[in-house]
Each structure stands twice: as C-alpha cells, then as structure tokens.
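Asks: Keeping their order, the protein sequence lines are chains Y and V.
Quick note on numbering: the first sequence equals residues 1 to 158 in my numbering.
Quick note on numbering: the second sequence equals residues 159 to 316 in my numbering.
Protein chains: 2
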Amino acid sequence: MTVTFRPLLTSLGLSAALLSSASVQALEVDKAIEYRQSALRVMAFQTGPLGDMVQGDIDYDAEDFALRANNLASLAHLPWEAFIEGSLQNDDHGIATEAMAVIADNRDDFISRQETLVDETDTLAQMANDGAEFDELRRQMGTVVDTCRGCHDNYRDN
Amino acid sequence: MTVTFRPLLTSLGLSAALLSSASVQALEVDKAIEYRQSALRVMAFQTGPLGDMVQGDIDYDAEDFALRANNLASLAHLPWEAFIEGSLQNDDHGIATEAMAVIADNRDDFISRQETLVDETDTLAQMANDGAEFDELRRQMGTVVDTCRGCHDNYRDN
C-alpha cells in the first residue's frame with residue numbers, strides 16, 4: 001500500500017526522503033530484481049547462438065558470431081548494479097530470486113567475477129572483430145561459458 | 159508436451175526439422191516475446207536516470223549520464239529481431255504482448271523507426287562522450303524520447 005501511495009505523496013510535495021526507508025527500499029528492490037533478471041535473460045538469448053555455433057548445433061557464421069559477441073560484451077557489465085542490499089534470497093522482499101544470500105558475504109569475489117566476465121567477453125568480441133579463426137573463438141567462448149558457470153555455481157540457486 | 163520432449167528427441171538424433179513446424183514455431187515465439195520484453199525493460203531502466211536528470215528530478219552527473227547514454231546506445235538495436243512472424247497481438251500464441259498486429263502491415267516504417275532510434279541514441283552517447291553541455295544533451299534526450307514515443311503511439315497497445 002505504501003508503494004501504491006508513493007506517486008500520490010510525491011505529487012503532494014512529499015519527497016521520497018520523508019517516506020519510511022522501508023517503503024523506498026521495497027520499491028527499489030522490486031525494480032532491481034526485475035531489471036537484473038531481464039538483463040541476464042537478454043545475455044542468455046545473445047549467448048545462445050554463440051553456444052550453438054561452437055557446439056556445431058548450427059553452422060558457424062562469422063558475421064553473426066561477431067554481432068552476438070559484441071552484443072554480449074556490451075551487456076556484460078549491466079546486471080550487477082541491481083544486486084543491491086536487501087534484494088537477495090532470504091531478504092524480506094517476497095520476490096522469487098535465484099540470487100543466493102551468500103553474495104552479501106562475498107562481495108569482493110562477486111565483483112571480481114563480474115570484472116572477469118566483462119574482460120573475457122570483451123576479448124571474445126575483439127577476437128571476432130579481428131577475424132580470429134573459429135578454433136580460437138571456440139576456445140575463448142569456452143572461457144566465457146566457464147566464467148558464467150563459475151558465478152552460477154557459487155551464487156545462483158537453481 | 160512437444161516442447162518438453164524436444165531435447166530428448168534431439169538427443170535421439172531427430173532434428174528439429176523432423177518435428178512439426180507448429181511446435182518449433184510455438185517455442186520460438188515464446189522465447190522471442192520474452193526476450194524482446196526483457197530487452198525493452200532493460201532499455202527503460204537505463205533510460206530512467208537520463209530522464210530524471212534532464213527533468214531535474216535528480217542532480218545532473220556527467221559521468222553517470224554518459225554511462226547510461228552509452229548503455230542505451232548499445233541496447234537500442236537489440237529488441238527488434240524478436241518481432242518475428244506470428245508473435246504479434248491477435249496471432250495464435252496465447253502470450254500477453256503489447257506489440258500490435260498492425261506492425262505486420264508496416265514493416266518498413268517499423269524498421270525505419272528502429273534505425274532512427276539507433277541513430278539518435280548513438281548521437282546522444284557521442285555527445286556525452288565529447289563533453290557536450292547539459293542543455294544540448296537535454297535537447298537530444300528530448301529527440302530520443304520522442305523517437306520512443308512515436309513507435310509506442312503507433313505500435314504499442316497500452
């Protein structure tokens with residue numbers, strides 16, 4: 001109810017700061033979870049054809065590979081700003097999330113893994129842009145997938 | 159049920175082409191709608207702070223403005239590949255979508271508007287990277303928002 005009333009209260013000249021921090025927190029967590037799940041879904045969609053190509057499930061197409069690799073690289077830094085305090089599993093928000101509570105105790109490692117993903121996807125995109133051989137791209141794609149998996153194994157509950 | 163069985167059938171050496179085209183189509187439309195809605199949600203999230211800054215709802219921060227503008231520019235070309243045949247309103251998929259059926263009759267205009275969005279968000283990002291004045295950025299942000307709105311007015315049912 002507090003969330004529903006916020007626009008009305010704001011229009012009456014009451015700033016967010018005057019509302020209880022709990023209500024502001026609830027609204028932000030809601031949006032943050034929806035956003036990061038969307039961003040990760042978009043990354044997965046763009047990763048799909050790359051995985052299919054390196055596994056031989058679809059024909060390798062250098063142009064499409066480069067396009068997807070560049071998309072993935074530009075997406076790789078997006079989701080992380082939304083893993084805000086109070087938005088993990090076991091936090092009091094009532095929203096389904098696979099983001100494990102243990103992230104809160106391992107922020108440095110979580111950030112380090114994000115930076116690795118950004119670096120490895122950048123490398124993949126640069127290699128594709130530079131016309132690298134398929135075997136090299138396949139090897140680098142393996143590194144990218146391992147990076148995804150490493151974080152999922154530690155911090156994603158599914 | 160067909161969708162559930164597909165991985166099994168595929169692992170048995172039956173290619174997707176051997177399955178009914180209806181089942182493949184259903185799977186693709188499902189994924190396409192989920193993907194494009196996610197991509198547009200991510201764009202909206204990144205646009206939020208830009209809009210808040212040009213409207214004076216939050217303080218202008220040149221660094222954050224440039225970051226968001228670059229994010230938006232790299233996202234602007236993503237959603238459109240997923241407006242595939244059979245995925246619009248009134249098509250037989252049973253999924254909630256705001257993508258109006260009239261898009262099918264106006265593909266050239268729809269594509270032209272996508273290209274305009276890509277161009278205008280690229281311009282905004284470039285201006286921010288080049289250190290443009292806030293008034294110039296605000297004006298270009300108005301053009302970007304008008305581009306969003308133009309497409310929504312014609313092709314989004316909400």
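Glycine residues also receive a C-beta, built at the ideal position from the N, C-alpha and C atoms.
Hey, does F223/V have any beta-carbon neighbour from chain Y nearer than 7 Å?
Replies: no
Asks: Are the region 98-106 of chain Y and the region 64-77 of chain Y in contact at 8 Å, needing three or more beta carbon pairs?
Replies: Because the criterion of three Cβ pairs below 8 Å is not met, the region 98-106 of chain Y and the region 64-77 of chain Y do not touch.
Asks: Considering just the uninterrupted stretch of the alpha helix (DSSP H) at H77/Y, what are its terminal residues?
Replies: From DSSP, H77/Y is part of no alpha helix (DSSP H); its letter is neither H nor E.
Asks: Just mark D157/Y as buried or exposed, buried being the case when its beta carbon has 16 or more other beta carbons within 10 Å.
Replies: exposed
Asks: Give the secondary structure of A96/Y by DSSP, where H, G and I count as helix, E and B as strand, and everything else as coil.
Replies: coil
Asks: Do you know offhand how far N129/Y's Cα is from L137/Y's?
Replies: Taking the CA atoms as reference points, N129/Y sits about 11 Å from L137/Y.
Asks: What are the residues that DSSP puts in a beta bridge with R156/Y?
Replies: A99/Y
Asks: Does the region 269-281 of chain V come close enough to the region 303-310 of chain V that 3 or more CB-CB pairs lie under 8 Å?
Replies: Contact holds: three or more Cβ-Cβ distances are below 8 Å.
Asks: Taking the alpha-carbon positions, what's the I84/Y to H235/V distance?
Replies: 28 Å
Asks: Anything in chain V within Cβ reach of N129/Y, meaning under 7 Å, just list it in chain order.
Replies: Within chain V, no residue comes near N129/Y; the closest Cβ sits about 15 Å away, beyond 7 Å.
Asks: Quick one: Cα of S232/V to Cα of N264/V, how far?
Replies: If you take the alpha carbons of S232/V and N264/V, they lie about 25 Å apart.
Asks: With DSSP run on the structure shown, which of helix, strand or coil describes N129/Y?
Replies: Correct three-state label for N129/Y: helix.
Asks: By Cβ distance, which residues of its chain are closer than 8 Å to I103/Y, with the 5 residues on each side in sequence left out?
Replies: F83, L88, F110, Y155
Asks: Identify, in the order they occur along the chain, each residue of the same chain with its Cβ nearer than 6 Å to the Cβ of H93/Y, setting aside the five sequence neighbours on each side.
Replies: Within the same chain, and ignoring the five residues on either side of H93/Y in sequence, the residues whose Cβ sits closer than 6 Å to its Cβ are V29.
Asks: Quick one: list the residues of chain V neighbouring N158/Y, beta-carbon separation under 9 Å, in chain order.
Replies: For N158/Y, no chain V residue has a Cβ inside 9 Å of its Cβ, as the nearest lies near 17 Å away.
Asks: Quick check on F134/Y: buried or exposed, where buried means 16 or more other Cβ atoms within 10 Å of its Cβ?
Replies: By the 10 Å Cβ count, F134/Y comes out exposed.
Asks: Anything in the region 36-64 of chain Y with a Cβ closer than 7 Å to a Cβ of chain V? List those residues in chain order, please.
Replies: S38, A39, R41, V42, F45
Asks: Measure from the C-beta of S159/Y to each C-beta in chain V and report whether the shortest distance is under 7 Å.
Replies: This structure gives no information on residue 159/Y, because the portion of chain Y shown stretches from 1 to 158.
Asks: Taking the straight line between their C-alpha atoms, what separation do you get for M141/Y and M53/Y?
Replies: 10 Å
Asks: Would you kindly work out how many angstroms separate the C-alpha atoms of T116/Y and G214/V, rounded to a whole number?
Replies: Cα to Cα, the separation comes out at about 36 Å.
Asks: For a test of the three-state rule: what should DSSP assign to D267/V, helix, strand or coil?
Replies: helix
Asks: Below 8 Å on the Cβ atoms is my guess for P207/V versus D217/V; work out the distance and round it to an integer in Å.
Replies: Between D217/V and P207/V the Cβ distance is about 11 Å, and since that is not below 8 Å, they are no contact.
Asks: Just tell me which of Q114/Y, A62/Y, G51/Y has its CA closest to the CA of E81/Y.
Replies: Q114/Y
Asks: Any idea if S21/Y is buried or exposed, counting beta-carbon neighbours within 10 angstroms, 16 or more meaning buried?
Replies: Because the pLDDT at S21/Y is just 41, under 50, the model does not fix this residue reliably, and the point stays unresolved.
Asks: Interface residues of chain Y around L192/V at Cβ under 9 Å?
Replies: In the sequence as presented, Leu is not what sits at residue 192/V; that position holds Glu. Within 9 Å Cβ-Cβ: R41, F45.
Asks: What did DSSP end up calling R296/V once you bin it into helix, strand or coil?
Replies: helix
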